[in-house]
Amino acid sequence: MLLCMRTTIEIPDPLFRQLKRVAAERQMTIRALIESSLRQFLTSQEASRRPFKLKDGSVRGAGLQPGLQGGSWEQLRDLIYEGRGA
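Taking the working numbering, the leading residue of the sequence shown gets 138, the next gets one more, and so forth.
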């Protein structure tokens, strides 16, 4: 048996009217709709707190081509965009 905590909350009248309407449309009790919505909200909050992991986009190869090693980022960028304008 699940233990339940009883509590009282204040909900603005327009929000409560919307809650009643949606509960009726979905044939749910107000309690069930609030519980479902709260669970969904908390789950989404937990999901957004998970650390971001960047997919490994490494490629195989032997590193930079001869002549590019030791170059500055500006030199590399110039070579990358050579012949492409700007």
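The beta carbon of each residue, even a glycine, is placed where N, CA and C say it ideally should be.
All values derive from a computational prediction rather than experimental measurement.
Considering only the beta carbon of each residue, do residue i and residue j sit closer than 8 Å?
i	j	result
Ile-167	Lys-157	yes
Leu-163	Leu-170	For the record, residue 163 in the displayed sequence is Arg; it is not Leu. Yes, they are a contact pair.
Residue i by DSSP, collapsed to three states: which one?
i	result
Leu-175	helix
Val-159	helix
Ile-148	coil
Gln-164	coil
Ser-209	coil
Leu-201	coil
Arg-186	helix
Ser-181	helix
Leu-139	coil
Arg-221	coil
Leu-170	helix
Nearest to residue i by alpha carbon, out of the options?
i	options	result
Glu-172	Arg-221, Gln-155, Cys-141	Cys-141
Ser-174	Val-159, Gly-222, Arg-214, Lys-190	Val-159
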